[in-house]
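Student: Just dropping this structure here.
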């Protein structure tokens, strides 16, 4: 497989992580709002990072089994920001090496948030 093919595959992985993270973020936000977690008053400041922080401050343990997966998605989702994408760890070879773990994190986290009730 040539470099372009590896880059395309890495791009597909990043896209899957972005979609998975967006689904998880939306579920975390909806449930955090329903549960009245301590969220920023300004809705525009209810970022994935702010949601993770609010869930960590809460006493809820619904997602304890997949919390590392949620944080992995948050960290890798943020590679859409140029300063993060320029990090050496975001080289296509690193993304390909982490492919199974990243996609697994997305699947596990989505499965877990589907089961949340508020």
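Residue numbers (this note's numbering): 505 to 622. From the three backbone atoms N, C-alpha and C, an ideal C-beta is built for every residue, glycine too.
#1: Report the option in 544, 562 and 577 whose CA atom is closest to the CA atom of residue 489.
#2: Look at the alpha carbon of residue 616 and the alpha carbon of residue 567, and state the distance between them as a whole number of angstroms.
#3: Measure how close the beta-carbons of residue 620 and residue 531 come, nearest whole angstrom, since I'm counting them as under 8 Å.
#4: Have a look at residue 541 and residue 509 and give me their C-alpha separation to the nearest angstrom.
#5: Kindly indicate which three-state DSSP category residue 548 falls into: helix, strand or coil?
#6: Check whether chain D comes within 8 Å of residue 557, counting only Cβ atoms and requiring the distance to be less than that.
#7: Name the two residues that bound the continuous alpha helix (DSSP H) containing residue 574.
Tutor: Once the coordinates are examined:
#1: This structure does not reach residue 489, given that the chain is present from 505 up to 622, and the question cannot be answered.
#2: 7 Å
#3: 6 Å
#4: 44 Å
#5: helix
#6: The displayed structure is made up of one protein chain only, and chain D is not part of it.
#7: 571-581
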